[in-house]
Each structure stands twice: as C-alpha cells, then as structure tokens.
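Asker: Just so you know, our numbering puts 44 at position 64 of the sequence shown, and the rest follows in order with no gaps. Ideal Cβ placement from N, Cα and C applies to all residues, glycine included.
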Amino acid sequence: MMDTMISKAIAEVLSDVTERPVEQIDPEARFDKDFDLDSYMFVQFLLSLEDKIPNLRFDPESIGQAGFNTMGSLVQHIADRVEPELAGANA
C-alpha cells in the first residue's frame, strides 16, 4: 500500500520535473540516462518529493543520485525511511 502511494508520488513529481506524461514514467527507467536528470534537476525532484510525501526529508549532505538509479530503488529507500516514522507517529 505504502509502496503504491510512494510510486504514484514519484511518478507525478518526475512527470512535473521532466515534463513527460505520467503514463511514460517507467519504474525501471534510470534517472540519469532515461530521464536525463542532471544534478540540479535531481535535487529539484527530491525537494518536490519532500513536499509531496509526509515525513520525508532527505539529508543534502548524504544524498546523491548514484544511490538511486531507478524509480524502484528510490521507492524502496523512501519506504524504508518513511514507514518506521509513520508507525512511530501512530503509536
């Protein structure tokens, strides 16, 4: 359930940043090669994701595009970080 919400949010933000229709966002596409995201666009993308996904915050000192090659790897990273925070907030 959470992965689906995260995937949808990523696709919507990626669509905005790359100006591509959401339907053309492939979860296995590579950010750098298939979406042509340079470092500035990638940071813009991550900041927009923070606005869209509650409790999501990226550490600018430790985050890098190399850590997330595909949308799928980013979904997993976000799910691993956000789900425990949401569980703690609901306890």
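1) Cα separation between I58 and D(-4)?
2) Would you mind working out which of D31, F11 and K32 sits nearest F22, comparing C-alpha positions?
3) Let me know the alpha helix (DSSP H) ranges lying completely inside the stretch 9 to 62, each 4 residues or longer, listed in chain order.
4) In terms of residue numbering, what span does the alpha helix (DSSP H) encompassing D(-4) cover?
5) Is N70 helix, strand or coil by DSSP?
6) Would you decide whether V(-7) is buried or exposed? Buried here means 16 or more other CB atoms lie within 10 Å of its CB.
7) Enumerate in chain order the residues of its own chain whose CB-to-CB distance from F48 is below 8 angstroms, with the five nearest sequence positions on each side excluded.
8) What is the C-beta distance between S28 and P7, in whole angstroms, given that I count them as a contact (C-beta under 8 angstroms)?
Answerer: Checking against the coordinates, here is how it stands:
1) 19 angstroms
2) F11
3) 19 to 32
4) M(-18) to T(-2)
5) With a pLDDT of 48 at N70, under the threshold of 50, the predicted position of this residue should be treated as unreliable, and no value is reported.
6) buried
7) F11, L54 and H57
8) Contact between S28 and P7 is absent: CB atoms are separated by about 18 angstroms, not below the 8 angstroms threshold.
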